[in-house]
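Encoded as structure tokens, the structure appears first; notes follow it.
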Amino acid sequence: MTFDGSHDVPSARHLDARALRFALIFPGLLAIGLVIGGLLVGGDLPDGVELPWGGGAVSLPVFLSVGVGTILVLGAGIGGWGARTTLPGTGRRVLLGTAMALQLASCTLFAAALLGQSSQGPLPAVRVDGYVMLMGSGLAAAMGVVLALTFKPDEQWTRADDAALAGILDSAQDPAAAHDQLAYFLHPRGSVTMMILLLAVLPGSLLALISPWILLGLLAAALLLVAMLCATVHVDRQGLTVKILGFIPALVAPCEEIAAAVSLDIVAKDYGGWGLRKHSGNATFLSYSGAAVVLRMNDGAKVAVSAPNLDTADELSEILNRRAGKPPTQR
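FYI, the UniProt record's numbering numbers position 318 of the sequence shown as 318, with every residue one higher than the one before it.
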């Protein structure tokens, strides 16, 4: 059954009004706060104030104008893009979080310049107060992360909803199709993850005496290795699909090319080891030793994929045996 994706949507909105208000009002309030602070310390700056990046002293109004413009451009400019409903939800969260961090950091930068050059107390005047900048930047980064993680975009009708609606209509026409679908997430066992991290940390802590970058590099490599052992497995009437981290295609086994499937309790080293392995036409993706499904293809090749447990492996093998050799349109 085909679905053209047409539906009646009353006045589809391209902007999230709530997010747009925040993206415009918050930098405006920050700018007002900077202006008020500048006027309060302006009496201690009779010879003007130098911009944070240098270039000689300018008058206080010019300094505040540059600061306000920077805050508004970073806050409203980047945050305004985060209010566009045509962008993915994750992208909007990242944009709003980035806007929050940058506008707070820029406000902190200009405030640190004002406080540093006002030379309050016995401390000598400096172009930028490092302590104020350090504390403010930490808060800016934290607030940006918090906003990116907690912001909930307004729900909009997307192509994913079209696909979901098409799936519902297809399921209503063919109720048996729901029994030919299964999906799960694979990840290495906790003991394997700890072993990989320890193999990076133990030598890395010693080599860090030479350079701390070695430890960071080994940790990054270990985390990348753990990530490469994580994948989503999805089976439907089209076939079996394995995607590393849910978006990098790793294995595809069309049902038409499958001869048989069996669930087994296997040892990873007998099939080449952990992760994605391809050799002599055979292909495997194993996150650990244990439950797995082994496929025999029509050309004699073998495909092996891990499963969370033997029950899931049994269910997966039943679906693949039921659909083996059948095209997607055949029931």
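Here a beta-carbon is modelled for each residue, glycine too, at the ideal position from N, C-alpha and C.
Determine the closest residue to residue i out of the options, with distance taken between C-alpha atoms.
| i | options | result |
| --- | --- | --- |
| Val303 | Ala283, Ile266, Ala221, Thr108 | Ala283 |
| Thr108 | Gly33, Ile244, Ala220, Leu15 | Gly33 |
| Ala259 | Gly130, Phe285, Gly325 | Gly325 |
| Asn321 | Ala301, Val293, Asp311, Pro308 | Val293 |
| Ser280 | Ser287, Gly272, Leu286 | Gly272 |
| Ile78 | Gly130, Met133, Gly144, Phe110 | Gly144 |
| Leu134 | Phe110, Asp265, Leu95 | Phe110 |
| Gly239 | Leu295, Asp16, Leu40, Trp81 | Leu295 |
| Leu114 | Ser59, Ser306, Ala227 | Ser59 |
| Arg189 | Gly28, Leu45, Tyr288 | Tyr288 |
| Pro88 | Gly116, Leu224, Leu15, Gly75 | Leu15 |
| Val35 | Gly69, Ala19, Leu20, Ala57 | Gly69 |
| Pro203 | Ala23, Leu216, Val192 | Leu216 |
| Gly37 | Asp47, Leu64, Gly54 | Leu64 |
| Ala221 | Leu197, Gly55, Val233, Val73 | Leu197 |
| Leu149 | Gly116, Phe185, Arg93 | Arg93 |
| Leu51 | Thr98, Ala17, Gln117 | Gln117 |
| Ala291 | Arg277, Met297, Gly275, Ala313 | Ala313 |
| residue 332 | Asp299, Gly54, Arg18 | Outside the modelled stretch of the chain, which goes from 1 to 331, sits residue 332, for which no answer is possible. |
| Leu229 | Gly246, Gly42, Leu219 | Gly246 |
| Arg277 | Cys255, Leu169, Ser306 | Ser306 |
| Tyr184 | Ser137, Ser191, Ile244 | Ile244 |
Answer with buried or exposed for residue i, where buried requires no fewer than 16 other C-beta atoms within 10 angstroms of its C-beta.
| i | result |
| --- | --- |
| Leu147 | buried |
| Ala12 | Annotation note: pLDDT 46 at Ala12 (below 50); position unreliable, no value reported. |
| Val128 | buried |
| Val62 | exposed |
| Ser205 | exposed |
| Asp311 | exposed |
| Phe151 | buried |
| Arg159 | exposed |
| Thr86 | exposed |
| Arg323 | buried |
| Ser263 | buried |
| His7 | Only weak support is given to the placement of His7: the predicted model assigns it a pLDDT of 41, under 50, and the question is left unresolved by the model. |
| Pro249 | exposed |
| Val49 | buried |
| Ala172 | exposed |
| Ala163 | exposed |
| Leu209 | exposed |
| Gly136 | buried |
| Trp53 | exposed |
Using the C-alpha atoms, what's the distance from residue j back to residue i?
| i | j | result |
| --- | --- | --- |
| Ala231 | Ala301 | 22 angstroms |
| Thr90 | Ala83 | 12 angstroms |
| Phe26 | Ile71 | 10 angstroms |
| Ala141 | Val267 | 45 angstroms |
| Leu45 | Val66 | 17 angstroms |
| Thr2 | Ala166 | Below a pLDDT of 50, predicted positions are generally treated as unreliable, and Thr2, at 40, falls in that range; no measurement from the model is reported. |
| Met195 | Pro212 | 21 angstroms |
| Met100 | Val235 | 41 angstroms |
| Pro308 | Lys269 | 18 angstroms |
| Ala57 | Leu40 | 18 angstroms |
| His179 | Arg237 | 10 angstroms |
| Gly97 | Glu257 | 46 angstroms |
| Leu199 | Asp47 | 59 angstroms |
| Glu318 | Thr193 | 31 angstroms |
| Cys255 | Ile168 | 22 angstroms |
| Trp274 | Leu20 | 47 angstroms |
| Leu219 | Gly130 | 30 angstroms |
| Glu28 | Ser191 | Per the sequence shown, residue 28 should be read as Gly rather than Glu. Cα to Cα, the separation comes out at about 50 angstroms. |
Can you tell me where the alpha helix (DSSP H) holding residue i begins and where it ends?
| i | result |
| --- | --- |
| Val132 | 130–150 |
| Leu215 | 212–228 |
Assuming residue i contacts residue j (C-beta within less than 8 angstroms), just tell me the rounded distance between them.
| i | j | result |
| --- | --- | --- |
| Ala112 | Val132 | 4 angstroms |
| Phe285 | Val252 | Phe285 to Val252, Cβ: 11 angstroms. No contact. |
| Leu316 | Leu182 | 6 angstroms |
| Leu223 | Ile214 | The Cβ separation is near 15 angstroms, so there is no contact. |
| Leu102 | Trp81 | Contact doesn't hold; Cβ gap of about 13 angstroms is too wide. |
| Val233 | Leu186 | 6 angstroms |
| Gly75 | Ala125 | Rounded, the Cβ-Cβ distance is 29 angstroms, inconsistent with contact. |
I need the boundaries of the beta strand (DSSP E) containing residue i, first residue and last residue.
| i | result |
| --- | --- |
| Thr241 | 239–244 |
| Val252 | 248–254 |
| Arg277 | 275–279 |
| Ile266 | 258–266 |
| Val73 | Looking at the DSSP string, Val73 is not in any beta strand (DSSP E), and its letter there is neither H nor E. |
| Leu102 | Not the beta strand (DSSP E): Leu102 falls in the alpha helix (DSSP H), residues 89–118. |
| Gly290 | 290–297 |
| Ser317 | Here Ser317 belongs to no beta strand (DSSP E); instead the alpha helix (DSSP H) covers 310–323. |
| Thr193 | Element bounds for Thr193: not the beta strand (DSSP E) but the alpha helix (DSSP H), 190–207. |
Shorter than 7 angstroms from the beta carbon of residue i to some beta carbon of chain D?
| i | result |
| --- | --- |
| Leu186 | Given the protein chain composition of this structure (a single chain), no chain D is represented. |
Between residue i and the ligand ADP, is there a pair consisting of the residue's CB and a ligand heavy atom that are separated by less than 6 angstroms?
| i | result |
| --- | --- |
| Val49 | By its list of ligands, the structure shown contains no ligand whatsoever, and the ligand ADP lies outside what it can speak to. |
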